[in-house]
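Under the working numbering, the residues of the sequence shown are numbered 24 to 178, in order. Every residue gets a Cβ at the ideal spot worked out from N, C-alpha and C, and that includes glycine. This one's a predicted model, so the numbers in the text were calculated from it and none came from an experiment. To keep things clear, I will list the structure first and then write my remarks on it.
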Amino acid sequence: MGNKYWGTPATLQKLLDDFPQQEDSFSLDTFTLKRFITEDLSQLLNSQPTEIFSPVEVGTLLEESVLNYGLGISLGDAISSQHYPKVETAIKRAIARFEPRIDPHTLLVTVLPVVTQSQSISKLSLSITAELRAYPQNLALTLSGTYDITTEKVC
24 MGNKYWGTPA
34 TLQKLLDDFP
44 QQEDSFSLDT
54 FTLKRFITED
64 LSQLLNSQPT
74 EIFSPVEVGT
84 LLEESVLNYG
94 LGISLGDAIS
104 SQHYPKVETA
114 IKRAIARFEP
124 RIDPHTLLVT
134 VLPVVTQSQS
144 ISKLSLSITA
154 ELRAYPQNLA
164 LTLSGTYDIT
174 TEKVC
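Below you can see the structure in the form of structure tokens.
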């Protein structure tokens with residue numbers, strides 16, 4: 024299955040293609056497709072909306088638009104375990120809204136603390152499991168990473 028080529032590329036990578044008229048020149052194997060999606064997820068999880076609109080201020084069209092691209096919460100505030108479900112929900116919502124290649128019905132997000140030798144929590148462990156919508160069949164996607172509270176970046 025690893026050598027199977029997929030006909031639908033990641034949008035940004037297709038836009039960067041030097042020969043857009045030659046469909047055969049842009050084929051993706053499963054590894055490359057997963058790498059593109061991983062890069063896009065990293066950008067999504069490291070982005071914040073320029074302004075978080077409240078439903079009272081605007082209608083649902085603006086609230087659901089790409090103007091609100093990003094996570095919408097600060098992961099650095101999730102120091103205690105009582106905040107982890109809120110972070111997991113925010114990550115699921117952002118992925119469901121802005122990453123259509125991932126099936127939201129199969130999406131599972133887990134957030135756990137990374138305890139250092141000083142017993143302080145300076146990082147959060149993120150685990151994302153889902154299926155990618157792909158042709159001819161869906162692909163399994165499992166990602167794990169850490170969020171560094173001090174640098175405010177997903178690694």
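Status (buried if at least 16 other CB within 10 Å, exposed otherwise) for residue i
i            : result
glutamate 87 : exposed
tyrosine 170 : buried
valine 89    : exposed
leucine 149  : buried
lysine 109   : exposed
Close-in-space but distant-in-sequence residues of the same chain around residue i (CB under 7 angstroms, 5 per side omitted)
i             : result
glutamine 160 : none
Same chain only: Cβ atoms within 8 angstroms of residue i, ignoring 5 sequence neighbours per side
i           : result
lysine 176  : Asn69 and Tyr170
leucine 130 : Lys115, Ile118, Ala119, Ile151, Thr152 and Ala153
Cβ separation of residue i and residue j, assumed to be a contact under 8 angstroms, to the nearest whole Å
i              : j          : result
isoleucine 125 : leucine 84 : Contact flag wrong, Cβ pair sits at about 23 angstroms.
glutamate 107  : valine 134 : The question names glutamate, but residue 107 in the sequence shown is tyrosine. Their Cβ separation, rounded to whole angstroms, is 4 angstroms, which keeps tyrosine 107 and valine 134 in contact under 8 angstroms.
alanine 117    : glycine 95 : 7 angstroms
Residues bridged to residue i [DSSP beta-bridge criterion]
i           : result
alanine 163 : Glu154
leucine 130 : Its beta-bridge partners do not exist; DSSP assigns none.
leucine 84  : In the DSSP output, where bridge partners are listed per residue, leucine 84 has none listed.
Where residue i sits in the DSSP three-state scheme
i             : result
isoleucine 96 : coil
proline 123   : coil
glycine 30    : For glycine 30, the pLDDT reaches just 45, beneath the cut-off of 50, and the residue's location in the model is therefore unreliable, leaving the point undetermined.
6 angstroms Cβ shell around residue i - same chain, five flanking residues per side excluded
i          : result
valine 132 : Glu111, Ile114, Lys115 and Ile151
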